[in-house]
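Numbering (the working numbering), first residue to last: 839 to 1060.
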């Protein structure tokens, strides 16, 4: 009976956590469950099971409740931090042409060629600096985030030339961030040349999309 009651409490607590964190995505108008909710919900379930297991038979219900609350807080931590950072980035980058994607606790910023670099160049365009400055402001506020900067090119030209160009572009963005006060320890750069295209290289618009920089925002304490 006690185990059944504990299970009931676990289910109720998890349902509350999940439902409380459901929201309307302002960009799609759809209801979504945030990463905070997912982490907190599963944390609640795991914590409740563990809390019940380590308690004596007369206190299993109490142990399940305490475990669920503790697990929810721990499980929601990473998601909550990245949820807030994602919201700030979306607000600052709205209308700039930068794509913002969320995969688990990773936030990816996709910056296409029309706003980043001229063809064949690794010099940051003048208009691109304001976009990077917006990223810097958020990155300084959320200082427990690593920044993996990936450079890409289209398929025009030799692989060796494109590989070098992609590395130079990623390094240009990394240097800009460091010059704006972000620690070098938080910044990593990689060039991928023409690999992993996101559009058709046989069209001008596709090549423009493939000539891009992607910045992955990653929690450092995970």
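Idealized CB from N, CA, C, for every residue including glycine. For clarity, every value in this text was computed on a predicted model and none was experimentally measured.
What are the residues that DSSP puts in a beta bridge with residue i?
i: residue 988; result: 1028 and 1052
i: residue 1057; result: 983
i: residue 944; result: 941
i: residue 953; result: DSSP, once it has assigned bridges, lists no residue as partnering residue 953.
i: residue 962; result: 955
Leaving out the 5 sequence neighbours to the left and right, which residues in its chain are closer than 6 angstroms to residue i when beta-carbon positions are compared?
i: residue 953; result: 935 and 966
i: residue 1022; result: 1016
i: residue 987; result: 1008, 1011, 1012, 1027 and 1053
i: residue 993; result: 1032 and 1039
i: residue 1000; result: 991, 1031 and 1032
i: residue 937; result: 948
i: residue 810; result: The chain is shown from 839 up to 1060; residue 810 falls before or after that span and cannot be answered.
i: residue 980; result: 923
i: residue 907; result: Confidence is the limiting factor: at residue 907 the pLDDT is only 46, short of 50, which leaves the residue's position unreliable, though a coordinate-based value still follows. Same-chain partners within the cutoff: there are none.
i: residue 998; result: none
Ignore the nearest five residues each way along the sequence and tell me which others in residue i's own chain have a CB closer than 7 angstroms to its CB.
i: residue 1004; result: 989, 990, 991, 1029, 1030 and 1031
i: residue 1036; result: 1047 and 1048
i: residue 1044; result: 1037 and 1038
i: residue 972; result: 930 and 931
i: residue 960; result: 1003, 1006, 1007 and 1010
Less than 8 angstroms between C-beta atoms, sequence neighbours within five positions excluded: which residues of the same chain meet that for residue i?
i: residue 976; result: 923, 926, 927 and 930
i: residue 963; result: 953, 954, 955 and 956
i: residue 1058; result: 982, 983, 984 and 1024
i: residue 1020; result: 974, 977, 978 and 985
i: residue 1034; result: 990
i: residue 1018; result: 970, 971 and 974
So the candidates are the options; which of them puts its Cα closest to the Cα of residue i?
i: residue 947; options: 959, 970 and 958; result: 970
i: residue 1042; options: 951, 919, 945 and 917; result: 951
i: residue 940; options: 933, 919 and 958; result: 919
i: residue 996; options: 958, 1051 and 945; result: 958
i: residue 1014; options: 980, 1055 and 968; result: 968
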